[in-house]
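*Asks:* Just so it is clear: in the sequence shown, position 26 is 8 by my numbering, and no numbers are missing. The structure under discussion is supplied below as structure tokens; questions concerning it will follow.
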Amino acid sequence: MPATRFVLLYDYVENVVEKRAPFRADHLALAREYVDRGEIEMAGAFADPVDGAAFVFTVDDRSRVEAFVAADPYVANGLVPSWRIREWTVVIGGD
């Protein structure tokens, strides 16, 4: 089965910029592992307000995205009260 793109969307708690500090290094290290394997293409928080984030995954199936969420210190420590995964059909770009 060819790789599929998924978008992971996080909703953050209020004041996440201050609250994430103790967990940020581990969160970024996890994301870098996925980048190094070619599973995350890009990711980052939304700006002004910093109330969520988006991650673009290219993986064989949704379970890889779910594994990221399960391992993410931001989720484990209550900074992400809700999240969703959407399969994404890219029409232009992304070659």
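Glycine included, each C-beta is placed from N, C-alpha and C at the ideal position.
Pick out the complete alpha helix (DSSP H) segments inside the region -4 to 50, 4 residues or longer, and give them in chain order.
*Replies:* Listed in chain order, they are -2 to 1 and 6 to 18.
*Asks:* Is it the case that the Cβ atoms of residue 5 and residue 39 are separated by a distance below 8 Å?
*Replies:* Residue mapping note: residue 5 aligns to position 23 of the sequence shown, counting from 1. Residue mapping note: residue 39 aligns to position 57 of the sequence shown, counting from 1. In this structure, residue 39 does not lie closer than 8 Å to residue 5 by Cβ.
*Asks:* Quick one: Cα of residue 31 to Cα of residue 43, how far?
*Replies:* The residue given as residue 31 occupies position 49 in the sequence shown. The residue given as residue 43 occupies position 61 in the sequence shown. Each residue's alpha carbon lies about 31 Å from the other.
*Asks:* Taking the C-alpha atoms as reference points, what is the distance between residue 1 and residue 8?
*Replies:* Along the sequence shown, one-based indexing puts residue 1 at 19. Along the sequence shown, one-based indexing puts residue 8 at 26. Distance between the alpha carbons of residue 1 and residue 8 is about 14 Å.
*Asks:* Could you have a look at residue 56 and say whether DSSP puts it in helix, strand or coil?
*Replies:* For the purposes of this step, residue 56 is taken as the residue at position 74 of the sequence shown. Three-state result, residue 56: helix.
*Asks:* Less than 8 Å separating the beta-carbons of residue 62 and residue -8?
*Replies:* The residue labelled residue 62 in the question sits at position 80 within the sequence shown. The residue labelled residue -8 in the question sits at position 10 within the sequence shown. Yes, Cβ-Cβ distance for residue 62 and residue -8 is below 8 Å.
*Asks:* How far does the beta strand (DSSP E) with residue 72 in it reach, from first residue to last?
*Replies:* If you number the sequence shown from 1, residue 72 lands on position 90. Neither: residue 72 is in no beta strand (DSSP E) and is coded neither H nor E.
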